[in-house]
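> So that we are looking at the same thing, I have put the structure below in structure tokens.
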Amino acid sequence: MKRVSVAVLLALAASPAFSFDIGKVIDIGRQAVQQQGSPMTKEFSQEDEIGLGNALTASFLGAAPLHPDAGLQRYVNRVGKWIALHSDRPDLPWTFSVIDTETINAFAMPGGSIIVSSGLVKRLNSEAELAGVLAHEIAHVVKKHQLTAIQSGMKADFWKGLGTSVAADHVRIGGGVVGSTVGSIAKPYILDAAGNLIKDGFFLRPLDRSLETEADQLAIVLATRSGYDPYGLVGALQMLAQYKGGADEASLLSTHPSPAERMADLEKFLPTVEPYARSPQLLEARFRQNVK
Amino acid sequence: MKLAASLLAAILCLAASAWAQEQAFTNRPTELKDKGAAEARTLATLPADTAVKVIARAGAWTQVQANNQTGFVRAFHLRFPVVVEKGSSSGLSSITNIFGGGNRSTQATVATTGIRGLSPEQLKAASPDEAALAKAQSYRADKPAAERFAREGKLTAVKVDEGGSK
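This is the structure:
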């Protein structure tokens, strides 16, 4: 597939010598898009996927702070990394961030950044349950569920907004903020895309039910591969079934199928995995040592 | 199966404290077994909606106390009542009974103590915090650290394909 090099266009736009031709750059970009037919599709490179995840994570951490317990952060990262090593994308820069909020939620960012609330972690009862929750989010990243939804949502708007993105970047450069640290975590047009996703409430909307089912099933497989009790996710869902987020909360209970529905699906799937669990671990004591 | 049963027993001992006295109900008629295994002796047949207290759980079986008998029922044969919890940022929170496939049939409004939550508005209005991102990334585990952590927890890797077979 013929691809438009957005980076090249942006590099040109960022050049002071090119400042008066910014409209031309945008036109060139649009023409290139039109020449490739419609609907336009573009896949993020892995580098851009990671950049998008960085930018989104930075925004989440702007909304809710990291939990101050460094030991908890390291513990969750170790559990998550061990599981991710058993996925098809073990080499992503997997990062697991516990945000300090009582709201029950977990989010998967493209590129391997997972955010989980302390309100969720502290209501779990074992490392196997935490593994089930993290494995579900890892599965979303491995299967690129969010990334695919983001890309498909950008078919028209991303390219239409490209001119805006380039122009805005140019204005920032003209304003003397070249080298801003904001630019270091992702390319400017990725930062803009991330900002729009946050403002539009992308992470407050549910994914397709079939994707959640796929993530639950892969989570069971990943947890089992990692040596955890395959029923960890079931225990977590049974806990979730006891809670209901407030109407004013960004809770996963409002973006996921009900725990009862998810358990009904898993009841059919789990027996196919369970026989392969050799010495399944719950690690309840280690969990209690690290999650206070 | 003997190995599985002994492992289950060991895990149940570890898990017992965390799950003590948790209230649940059977979601269908089910058998109360003397051990966590399908071939174990049946102590009683519990009708649907029998109240039980969870003692411990591991794998497919949950140890419960039902009608003054202690035994094991299948994990999927239990449902858990909604906890009315203090935990909304607004001071008032709508609590909904989500049993029955998520039917919003039973609603009650309860007072809360204003524990800080994450609201949709907060999330939409967020501006990037790069220092926090850098800090979060400093907690990453590398592969050797994750493998060492797994060994400490006696986590043994198993080969399973995505469809659930080896």
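Just so you know, the protein sequences line up as chains R and V, in that order.
Numbering follows this note's numbering, with no gaps: position 250 of the first sequence is 538.
Numbering follows this note's numbering, with no gaps: position 60 of the second sequence is 107.
The C-beta atom is built at its ideal place from N, Cα and C for all residues, glycine as well.
Any idea which residues DSSP pairs residue 110(V) with across the strands?
The count along the second sequence starts at 1 and reaches residue 110(V) at position 63. DSSP lists 103(V) and 119(V) as the beta-bridge partner residues of residue 110(V).
> Give a yes or no on whether the minimum CB-CB distance between residue 494(R) and chain V is below 9 Å.
The count along the first sequence starts at 1 and reaches residue 494(R) at position 206. Chain V, which has no Cβ nearer than 9 Å to the Cβ of residue 494(R), makes this no.
> Suppose the cutoff is 8 Å on Cβ atoms and the five residues either side in sequence are ignored; what does the same chain contact list for residue 121(V) look like?
Counted from its first residue, the second sequence places residue 121(V) at position 74. Within the same chain, 77, 107, 108 and 109 come within 8 Å of residue 121(V) by CB-CB distance, once the 5 residues on both sides are set aside.
> Counting only Cβ pairs nearer than 7 Å, list the residues of chain R close to residue 176(V).
The residue you call residue 176(V) lines up with position 129 of the second sequence. Per Cβ cutoff of 7 Å: 346, 349 and 350.
> Is it true that the CB of residue 514(R) sits closer than 9 Å to the CB of residue 105(V)?
On the second sequence, residue 105(V) is found 58 positions in, with the first residue counted as 1. On the first sequence, residue 514(R) is found 226 positions in, with the first residue counted as 1. Contact flag unset, no.
> So with CB distances below 7 Å, who are the chain R contacts of residue 180(V)?
Sequence index remark: in the second sequence, residue 180(V) carries index 133 (1-based). What residue 180(V) touches in chain R: 342, 345, 346, 349 and 473.
> Name, please, each residue of chain C whose Cβ falls closer than 7 Å to the Cβ of residue 209(V).
The structure shown has no chain C; the protein chains it does contain are R and V.
> Hey, is residue 385(R) close to the ligand GTP, as in C-beta under 8 Å from one of its heavy atoms?
The ligand GTP is not among the ligands present in this structure, which contains no ligands whatsoever.
> What first and last residue would you give for the alpha helix (DSSP H) that runs through residue 439(R)?
Residue mapping note: residue 439(R) aligns to position 151 of the first sequence, counting from 1. Residues 433-441.
> Are the C-beta atoms of residue 521(R) and some chain V residue less than 9 Å apart?
Your numbering for residue 521(R) matches position 233 in the first sequence. Not one beta carbon of chain V lies nearer than 9 Å to the beta carbon of residue 521(R).
> Just verifying my parser: in three-state terms, what is the DSSP assignment at residue 206(V)?
Translated into the one-based positions of the second sequence, residue 206(V) becomes position 159. Looking at residue 206(V) - three-state DSSP - the assignment turns out to be coil, as it is neither helix nor strand.
> Residue 79(V): which of 72(V), 118(V), 86(V) and 95(V) sits nearest, CA to CA?
If you number the second sequence from 1, residue 79(V) lands on position 32. Closest option to residue 79(V), Cα to Cα, is 118(V).
> Enumerate in chain order the residues of its own chain whose CB-to-CB distance from residue 488(R) is below 7 Å, with the five nearest sequence positions on each side excluded.
Numbered from 1 along the first sequence, position 200 holds the residue referred to as residue 488(R). If we look at residue 488(R) and ignore the five residues flanking it on each side, it has no Cβ neighbours.
> Taking just the CA atoms, how far does residue 532(R) sit from residue 125(V)?
Reading the second sequence from its first residue, position 78 is the one you call residue 125(V). Reading the first sequence from its first residue, position 244 is the one you call residue 532(R). Going from the Cα of residue 125(V) to the Cα of residue 532(R) covers about 18 Å.
> Using a C-beta cutoff of 9 Å, does residue 119(V) count as contacting chain R?
What you label residue 119(V) is simply residue 72 of the second sequence in a count that begins at 1. Output row for residue 119(V): interface = no.
> Please decide whether residue 128(V) counts as near chain R, where near means a Cβ-Cβ distance under 9 Å.
Taking the first residue of the second sequence as 1, we reach residue 128(V) at position 81. Proximity of residue 128(V) to chain R, defined by a Cβ-Cβ separation below 9 Å, is satisfied.
> Going along chain V in order, which residues have a C-beta closer than 8 Å to the C-beta of residue 551(R)?
Here residue 551(R) corresponds to residue number 263 of the first sequence, with the count starting at 1. What residue 551(R) touches in chain V: 123.
> Can you tell me whether residue 174(V) is buried or exposed? The criterion is at least 16 other CB atoms within 10 Å of its CB, across all chains shown.
On the second sequence, position 127 is the one that residue 174(V) refers to. Exposed.
> Going by C-alpha to C-alpha distance, which of 129(V), 123(V), 101(V) and 130(V) sits closest to residue 116(V)?
For this step, residue 116(V) is matched to residue 69 along the second sequence. Taking the Cα of residue 116(V) as reference, the smallest distance to any Cα among 129(V), 123(V), 101(V) and 130(V) is reached at 101(V).
> If you draw a straight line from the C-alpha of residue 546(R) to the C-alpha of residue 333(R), how long is it?
Within the first sequence, the letter at position 258 stands for residue 546(R). Within the first sequence, the letter at position 45 stands for residue 333(R). One C-alpha to the other measures close to 34 Å.
> Once the 5 residues before and after residue 430(R) are set aside, which same chain residues still bring their CB inside 6 Å of it?
Residue numbering aside, residue 430(R) sits at position 142 when the first sequence is read from its first letter. Closer than 6 Å at the Cβ level, and outside the excluded window around residue 430(R), lie 375, 376 and 377.
> Could you spell out where the alpha helix (DSSP H) holding residue 169(V) opens and where it closes?
In the second sequence, residue 169(V) corresponds to position 122, counting from 1. Unbroken alpha helix (DSSP H) run through residue 169(V): 167-171.
> Please confirm whether residue 512(R) and residue 568(R) have their CB atoms less than 9 Å apart.
By 1-based counting over the first sequence, the position of residue 512(R) is 224. By 1-based counting over the first sequence, the position of residue 568(R) is 280. With respect to the 9 Å criterion, residue 512(R) and residue 568(R) are classified as neighbours on the basis of their beta carbons.
> Compare the C-alpha of residue 189(V) against each of 379(R), 530(R) and 497(R) and name the closest.
Here residue 189(V) corresponds to residue number 142 of the second sequence, with the count starting at 1. The shortest C-alpha separation from residue 189(V) is found at 379(R).
> Buried or exposed: which applies to residue 92(V), given that a residue is buried once 16 or more other Cβ atoms fall within 10 Å of its Cβ?
The residue labelled residue 92(V) in the question sits at position 45 within the second sequence. With fewer than 16 other Cβ atoms inside 10 Å of its own Cβ, residue 92(V) counts as exposed.
> Can residue 114(V) and residue 89(V) be called in contact, C-beta distance under 9 Å?
Within the second sequence, numbered from 1, the residue matching residue 114(V) stands at position 67. Within the second sequence, numbered from 1, the residue matching residue 89(V) stands at position 42. Going by C-beta atoms, residue 114(V) is not nearer than 9 Å to residue 89(V).
> Compute the distance between the beta-carbons of residue 554(R) and residue 516(R), then report whether it is under 9 Å.
Against the first sequence, residue 554(R) aligns to sequence position 266. Against the first sequence, residue 516(R) aligns to sequence position 228. Cβ distance not < 9 Å, so residue 554(R) and residue 516(R) don't count as in contact.
> Just tell me which of 542(R), 548(R), 337(R) and 564(R) has its CA closest to the CA of residue 437(R).
For the purposes of this step, residue 437(R) is identified with residue 149 of the first sequence, where counting begins at 1. With distances taken between Cα atoms, residue 437(R) lies closest to 337(R).
> Since residue 523(R) contacts residue 413(R) with CB under 8 Å, what's their CB separation in whole angstroms?
Along the first sequence, one-based indexing puts residue 523(R) at 235. Along the first sequence, one-based indexing puts residue 413(R) at 125. With a Cβ gap of about 6 Å, residue 523(R) and residue 413(R) count as contacting.
> Under a Cβ-count criterion, where at least 16 other Cβ atoms within 10 Å of its own Cβ denotes burial, should residue 128(V) be classed as buried or exposed?
Here residue 128(V) corresponds to residue number 81 of the second sequence, with the count starting at 1. Label assigned to residue 128(V): exposed.
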